[in-house]
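Written out below as structure tokens is the structure these notes cover.
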């Protein structure tokens with residue numbers, strides 16, 4: 001990502017001339033919880049419809065944990081290769097600035113710290129389609145789709161709320177202190193490293209965890 005002048009003004013950077021379009025670029029973390037927590041709960045409960053009588057439903061907790069694990073990988077890949085894509089044309093640069101660049105330009109803007117539904121809902125539908133295609137159709141394990149997608153959405157929700165917290169909560173102890181410091185260093189020291197927000201795991205795997 002190119003160097004960006006950081007704006008710490010309380011007035012959000014305006015992205016669109018249209019008030020209607022501008023409205024959809026702002027979102028509260030409460031809205032994220034209202035939208036996605038019921039989705040995670042629904043798919044978790046739906047998992048029990050695949051339980052066979054007399055058989056322990058091991059696939060539910062394992063699928064849920066697998067979904068969280070898949071989210072951490074997706075979080076890293078999206079952040080590194082999509083949100084930090086090095087666009088060439090001015091039009092493409094504009095698009096990626098709308099996606100993520102504005103957050104680096106104004107990192108403390110409270111209404112641009114979680115993913116707006118106009119982006120997250122289509123993205124969730126794409127991922128659900130991939131889960132269905134790969135797990136149900138190609139692998140032939142339909143019972144695993146619901147718990148895995150539930151875990152995936154729970155992982156995303158954790159990521160979004162963690163991201164908001166790193167910017168606006170003190171987070172002075174333990175792992176919370178580490179995550180806050182880690183993400184602040186991504187913004188102010190190493191914008192092309194430290195792509196993990198909820199976990200540094202994949203930074204270590206792919207070599208974007210800097211050696212101090």
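Residue numbers (the numbering used here): 1 to 212.
C-beta atoms are modelled at their ideal positions from N, C-alpha and C, and glycine is treated no differently.
Residue range of the alpha helix (DSSP H) that residue 68 falls in? Translated into the one-based positions of the chain shown, residue 68 becomes position 68. From DSSP, the alpha helix (DSSP H) with residue 68 extends over 59–77.
Would the stretch 158–172 count as touching the stretch 135–150 if we require 3 or more Cβ pairs under 8 Å? no
Pick from 192, 37, 197, 160: whose alpha carbon is nearest that of residue 178? Within the chain shown, numbered from 1, the residue matching residue 178 stands at position 178. The shortest C-alpha separation from residue 178 is found at 197.
When the distance is taken between beta carbons, is residue 114 closer than 7 Å to residue 29? Position 29 of the chain shown, counted from the start, is the residue given in the question as residue 29. Position 114 of the chain shown, counted from the start, is the residue given in the question as residue 114. In this structure, residue 114 lies closer than 7 Å to residue 29 by Cβ.
Limits of the unbroken alpha helix (DSSP H) element including residue 123: On the chain shown, position 123 is the one that residue 123 refers to. Its alpha helix (DSSP H) spans residues 117–131.
Is there contact here, the stretch 50–60 with the stretch 128–147, by at least three beta-carbon pairs under 8 Å? yes
Using CA atoms only, rank isn't needed, just tell me which of 34, 57, 35 is closest to residue 45. Position 45 of the chain shown, counted from the first residue, corresponds to residue 45. Looking at the Cα atoms, 57 is the closest of the given residues.
Does the stretch 68–86 touch the stretch 6–17, meaning 3 or more C-beta pairs lie closer than 8 Å? no
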